[in-house]
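Working notes for the structure below.
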Amino acid sequence: MSRWRGRGDGDRTAPSADQDAEPGCGSGAVGADVQIVLAVPSRARIAGAAVVSEGSGVPGGVPLIALWEDATFGGEGVADTGEESAAGSAGGRTSGRDRADPPPAPWATRRARRAAIEVRRAGVEAVATGNSVRVELPADETQAVAGVERVAALSDRGPVVCVVSRPWGSGWLRMIERAGAVRVAGPTESIEASRTMLRRHGVTVRETPAPTGAVAAMLLRAGWTARALIRGAAEAAAEEPWRDHGATGRGGAAAGARRRGAFDDDSGQALLLILLGLTVALVLAGVLGAVAMAMSGREDQQRAVDVAALAAAAQLRAGSSFAVGSGSNGERVTGPGVVRTRAVAVARSTARENGVATVQVDFPNDGSTGAAVAALGDDGARSVGIAGSRRGSTADVVPQRVRVRSAHRPVVAGVVLSSEVAATAEVATPRYAEAVATGDEYAGPLAMRQGKPMRPDVALAFDRMNAAATAAGQPLSVTSGYRSNAEQARLFAAHPDPKWVARPGTSLHRMGTELDLGPPSAYGWLAANSRRFGFLKRYSWEPWHFGFIRETASAHVAEQGRNPEAPQTNGTIPPWVPAAYRDRIRAASIRFKVSAALLSAQLKAESNFNPRVVSSAGAQGIAQFMPGTAAGVGLKDPFDPAQAIPAQARLMAGLLRRFGSVPLALAAYNAGEGRVGVCHCIPPYPETQHYVARIIALMKGYDDGVDGAGLAIRLVE
Amino acid sequence: MNALKSSESGQAAVEVVAVAPLVAVLIAALVLALQAHRARDAAAVASHAGALAALVGRDPIAAAREAAPAIDPSRLRVRREGRRITVRVRAEGPRSLVRPFDAEQTVTLPPEVGP
């Protein structure tokens, strides 16, 4: 049994209109615009503000919400004793002791504060809160009703809503009967019981409007009233203006049913949607954060493993440098077991110090059975690696590699994100980085096509190709042309992944010969027709990238001599070139624009300048042409240096033009264009890798020492 | 009906305003988290690059700085103390807010390798 029904609907007989009226109560001073709300204590304040909100927009003063409630439900200052109330009444104030006026709520409006003062002047406690005034009625029913009448008698007041949330009696009943209608807020069964009881007194019972959501309820409780805070306010106002007391019981019940439906329906809850969205966002952020942390942990492990692998490679290099043995031909030989054991120990300790407790260390090229050597061949080129049975022969020396792996299994929501991290480092003569990243770039005039710079001859060729493509219904667009090393550096800094953006100094775009073309619909036409105009699709996986290959000046920059740090490419002929071939090499270099040092090193590596040599594979002459290759370049006599050297230069010019890289061109010379063109890399053949490394070493003059200090260690995977 | 719509839009506005501080706090937290992650990532990448450079005989401090081009040099501090290369990156934003999110990463190099 709810308390708010109290004496009006309990076991006790409900008071009737013919009961004695208390002095000052039910005297008729209360206007018809005073609304009465019967509410359970927990909903008293919200119900009062909601009823006021229903009438918001009607011109008038500040709404007054008179609360007759227990102190336990926020009715501080309300539970006056009867004596105090009487004294207050006599003295013109409800609580007439020397109690200071309660301060207004900090969020009270100025109008509400002024209205609260007016109410207090009428002898009733009042507090401004929000845009309304909360009138705190005394605990005594008679005094409370009298307080309401005094408030109702105020001039220039706003609407008055009395909220009764205590057991009430005849005083309130008479007021309810005069009003003819009452609003109720509470459980459904209580509302129905109240409706049944009050119907006997001719009183219409309707539910109070419901707040639109939790935030609206909070605002109503704080004294803010607005139509936006309650459900169906406009509808209720249109159908049953809040001053309309003529609604029948049936009509009131119907309206109540409609409101119950509105009360139960949460479909309009914007707050719920917002909170739901925030919750989803938080959950997503949490999941993403967990994944990011897991991946970050993996990256940390990868970094630690990288350092460990490189440290092991450094140990390998040191071991092969310092362990002087007594091998034949002056080689320094160390037992592979000792060197590797130390490398493994260094890798493990380094990994442990960087947060990876356990790692596995192995040597991928462990198939060789020889010793780790630092060998100095008779040609002065150094190599280091695992030497096989023909130890000391550079033909079968491969780089020494060490691989470090760490099992790492980050798990997010039961999903294993990765299995392990690994890094491989090698000790070898420098060959990749120094040779590829020359840093040089085209420095001549540029023409603009569609806003993109390119070499003038490339632009003319593009014009011809674009005209043909347009005629075929595939007009071309230029996405990118010449890019300086600086621009490439910016791109690489933004996307530091060599798979997608070439490292600065390695992109062919720096030569002004490369174009990124579109649209995608023209890729097919380009693939079929670009060669007619001198363009070559450089990479099978980049259908938009075409390079201009008709002009030998677009060969690799190594021979252009602009970069002082680039390999010796200005035509200098090394001193170890026999005098009989120096002029021929220089002439071929000038004619085909290929470095004389490169040609010289190649001839030394191929035949050691022996024009009559024939390899076991059938390669012939000073430049070691295979018969088929010789025929392909128009070389009639490979044993004639006067023909073989220019043919070698012509072939190298073409390879440099195609691959744009000295190492790749050398690799293609040794292993064939097809093999290099497939992967655009140096094929993983020990002979080819050594061939490239040896020639570059010769070009760079790595022949001035025998220790391993100049050997490079690098991460390769 | 229009009044009803107006009422509901007002309701949404009231609730959005009420939730706005929470959203603002969440956004601020997200920004701080991203700044912290960015600083940590930059510190990790830079220290890693410094360590690799040191192992191949290059200047680790220069390499570390090169590895974090997006970080203002004034926010990046690289130091080498013995075998340890430490990179500290100050998070970007008001110091009073982001100070706790400064990142520091250290990589320990192997002892001097020998035969």
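Sequence lines, in order, name chains A and B. Here the first sequence stands for residues 20 to 736, where the numbers follow the working numbering. Here the second sequence stands for residues -14 to 100, where the numbers follow the working numbering. For glycine and all other residues, C-beta sits at the position ideal for the given N, C-alpha and C. Since the model is a prediction, treat every value here as computed from it, not as a measurement.
Query, Result
"Proximity below 9 Å, CB of A638 (chain A) to CB of R713 (chain A)", "no"
"One or two residues paired with L61 (chain B) in a DSSP bridge", "B:V74"
"DSSP three-state assignment for L57 (chain A), whether helix, strand or coil", "strand"
"Closest Cα partner of D52 (chain A) within the set A:A172, A:T148 and A:A478", "A:A172"
"Candidates A:P178, A:A333 and A:T377, of which the one nearest A362 (chain A) by Cα", "A:A333"
"Test: I293 (chain A) CB closer than 9 Å to a CB of chain B", "yes"
"Counterpart residues of G537 (chain A) in DSSP-defined beta bridges", "A:S496"
"Buried versus exposed call for Q320 (chain A) [16 or more other C-beta atoms within 10 Å across all chains shown]", "buried"
"Where the stretch 306 to 322 of chain A meets chain B: residues whose CB sits under 8 Å from a CB there", "G308, A311, S315, E318, D319 and R322"
"P85 (chain B) burial status per 10 Å Cβ neighbour count (16 or more: buried)", "exposed"
"Proximal residues of chain B, C-beta to C-beta of N373 (chain A) below 8 Å", "V92 and T93"
"Within-9 Å CB hit, Q379 (chain A) to chain B", "no"
"Cβ contact (3+ pairs, closer than 8 Å) linking the stretch 128 to 137 of chain A and the stretch 56 to 64 of chain A", "no"
"Bridge partners - F565 (chain A), DSSP secondary structure assignment", "A:L534 and A:K556"
"Exposed unless 16 or more other CB atoms sit within 10 angstroms - verdict on P646 (chain A)", "exposed"
"Beta carbon proximity, R23 (chain B) to chain A, threshold 9 Å", "no"
"Cβ of Q334 (chain A) within 9 Å of any chain B Cβ", "yes"
"Under 7 Å (Cβ pairs) to chain A, residues found in the stretch 26 to 53 of chain B", "A29, H33, A36, L37, L40 and V41"
"C-beta neighbour in chain A for V8 (chain B), strict 9 Å", "yes"
"Buried or exposed (CB count within 10 angstroms, at least 16 for buried), V167 (chain A)", "buried"
"Neighbourhood of T71 (chain B) by C-beta, 6 Å cutoff - its chain only, sequence neighbours within 5 removed", "R64 and T91"
"Proximity test, Cβ basis, 9 Å: A55 (chain B) and chain A", "yes"
"A76 (chain B) at chain A interface by Cβ criterion, 9 Å", "no"
"Chain B contact for S635 (chain A) (CB, 9 Å cutoff)", "no"
"Chain-order list of residues whose beta-carbon lies under 7 Å from that of L335 (chain A) (same chain, five-residue window excluded)", "V358, A362, A391, Q419, V421 and V446"
"Minimum Cβ-Cβ distance from V4 (chain B) to chain A less than 9 Å", "yes"
"CB contact below 9 Å: V363 (chain A) versus chain D", "The displayed structure is made up of protein chains A and B, and chain D is not among them."
"Beta-carbon proximity of P665 (chain A) to A606 (chain A), cut-off 9 Å", "yes"
"Straight-line gap, A85 (chain A) to V143 (chain A) (C-alpha atoms, nearest Å)", "10 Å"
"Proximity to Q54 (chain A) [Cα-Cα], best of A:G232, A:M194 and A:A512", "A:M194"
"Where the alpha helix (DSSP H) containing I46 (chain B) begins and where it ends", "P45 to E51"
"Proximal residues to A370 (chain A) (C-beta, below 6 Å), its chain only, five neighbours per side dropped", "A323, A327 and V378"
"L94 (chain B) versus A:R250, A:A69, A:G356 and A:G374, residue with shortest Cα-Cα distance", "A:G374"
"Residue closest to V681 (chain A), alpha-carbon to alpha-carbon, out of A:R694, A:I715, A:G693 and A:R610", "A:I715"
"Helix, strand or coil at L156 (chain A) according to DSSP, with G and I counted as helix", "coil"
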